[in-house]
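Below is one structure, written out as structure tokens; comments come after it.
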Amino acid sequence: MKIGNRIKDLRNEKKITQKELADILFVSDKAVSSWEANRTEPSLELIIKLSEVFDCSTSYLIYGEVSRSDIETEIKIKLSEDEYKNLELLMEQNAEFMRENHHVDTYYQPKHRKFVKEGTINEWLRIGERGNKNIINYKNWYDNYCDEFEVEIDDVNNLNKIFDKIGLEKIATVDKVRKTYFYLDKYEVALDTVKDLGYFVEIEVKKYEKSADLEYDELLRVAKRINLNLDNQDRKGYPYYLLDIK
Numbered sequence: 014m015k016i017g018n019r020i021k022d023l024r025n026e027k028k029i030t031q032k033e034l035a036d037i038l039f040v041s042d043k044a045v046s047s048w049e050a051n052r053t054e055p056s057l058e059l060i061i062k063l064s065e066v067f068d069c070s071t072s073y074l075i076y077g078e079v080s081r082s083d084i085e086t087e088i089k090i091k092l093s094e095d096e097y098k099n100l101e102l103l104m105e106q107n108a109e110f111m112r113e114n115h116h117v118d119t120y121y122q123p124k125h126r127k128f129v130k131e132g133t134i135n136e137w138l139r140i141g142e143r144g145n146k147n148i149i150n151y152k153n154w155y156d157n158y159c160d161e162f163e164v165e166i167d168d169v170n171n172l173n174k175i176f177d178k179i180g181l182e183k184i185a186t187v188d189k190v191r192k193t194y195f196y197l198d199k200y201e202v203a204l205d206t207v208k209d210l211g212y213f214v215e216i217e218v219k220k221y222e223k224s225a226d227l228e229y230d231e232l233l234r235v236a237k238r239i240n241l242n243l244d245n246q247d248r249k250g251y252p253y254y255l256l257d258i259k
């Protein structure tokens, strides 16, 4: 199934016409018709808007079922300011710019079971502010990938009251500006400027063509080709540093 078929199916599920979708996106209904007939494809900017309209991931629109929504394969690397600027220039010249966002992520853990283990944080629960949206996200890390589940919430205050009742405590808040690029038609490259922590890059596999372990190996090769120092991989996570754990 191609992207046009997925757009058509999602539009029908939403019970809106091609003209109504076109009006939402500020394009012509002929453009929507052309997408759904697989004659043309929407730009990346429009794919992002379509994902918001249909409440689905951009990965699903682009790749369909080959994209994994319940697993994440990525690497995070600490950068110097010069490394950040060089990588930013490389992405601007060779990747598709997706968006720039200000993220505020608040992390929680159970009072009776600490997420911090052996000098790192192997699982986390967080609420992330994404513009006018709030997303609750849970991750549980293994060696080279993690389980990931998330859902949008509409009342953070009530959720915090629930957290308090069931014994979840706030442990850290991460404030960052993220620039996101789509690289090699497969990877999401996120350049982070994190308040009080400095510069980082996260590269995540968005199209799975093989097992998570093999995708991770390929991800490392891609990182080396763009001159990233794998010795500076960060496996601890931003909350760890903000907690100042020794």
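Residues are numbered in this note's numbering as their position in the sequence shown, beginning at 1, plus a constant of 13.
C-beta atoms are modelled at their ideal positions from N, C-alpha and C, and glycine is treated no differently.
Distance check for residue j and residue i, CA to CA, integer angstroms please.
i    : j    : result
K249 : G17  : 40 Å
T53  : K21  : 13 Å
D118 : I140 : 6 Å
N245 : L92  : 8 Å
T206 : Y251 : 11 Å
E136 : L57  : 32 Å
I29  : K62  : 15 Å
R19  : L59  : 14 Å
T186 : L255 : 8 Å
Y155 : E161 : 11 Å
R234 : I37  : 41 Å
N25  : D198 : 27 Å
N170 : D177 : 11 Å
P123 : D167 : 22 Å
E105 : A44  : 27 Å
L210 : R143 : 20 Å
Can you look up residue i in the DSSP assignment and give me helix, strand or coil?
i    : result
P55  : coil
K181 : According to the sequence as given, residue 181 is Leu; it is not Lys. Three-state DSSP puts L181 in a strand.
T119 : strand
F176 : helix
Y155 : coil
I239 : coil
A44  : helix
E231 : helix
R19  : helix
I75  : helix
R24  : helix
I29  : coil
Y221 : coil
D205 : strand
L210 : coil
F110 : strand
D68  : coil
K98  : helix
K189 : strand
L38  : helix
K245 : The amino acid at residue 245 is misidentified as Lys; the sequence shows Asn. Helix at N245.
L103 : helix
E161 : strand
K89  : strand
N147 : strand
L1   : The requested residue 1 is not part of the displayed model; the chain covers only 14 to 259.
For residue i, I'd like the list of residues in its chain whose CB is within less than 7 Å of its CB, leaving aside the five on either flank, ordered along the chain.
i    : result
I158 : The identity of residue 158 in the sequence shown is Tyr, whereas the question assumes Ile. Only I84, E85, T86, A225, Y229 meet the Cβ criterion.
A108 : Y194, F195, Y196, V202
Should residue i and residue j be called a contact, given that it needs their Cβ atoms to be closer than 8 Å?
i    : j    : result
K219 : Y194 : no
K15  : F67  : no
I216 : L227 : no
K183 : Y121 : yes
G180 : H125 : yes
E163 : I175 : no
S41  : A50  : no
E165 : N147 : yes
I75  : Y253 : no
V190 : E65  : no
Y221 : E94  : no
I239 : L103 : yes
Cβ of residue i less than 8 Å from any chain C Cβ?
i    : result
M111 : In the structure shown, chain C does not exist; there is a single protein chain.
Counting only the same chain and skipping the five closest in sequence on each side, list residues whose C-beta sits under 6 Å from that of residue i.
i   : result
S47 : T53
L23 : F67
P55 : W48
Ordered along the chain, which non-local residues of its own chain (more than five positions away) have a Cβ less than 8 Å from that of residue i?
i    : result
V214 : K89, I90, L92, Y97, L100, V202, A203, L204, D205, L241
D247 : K89, I90, K91, F213
A236 : I88, I90, I216, L243
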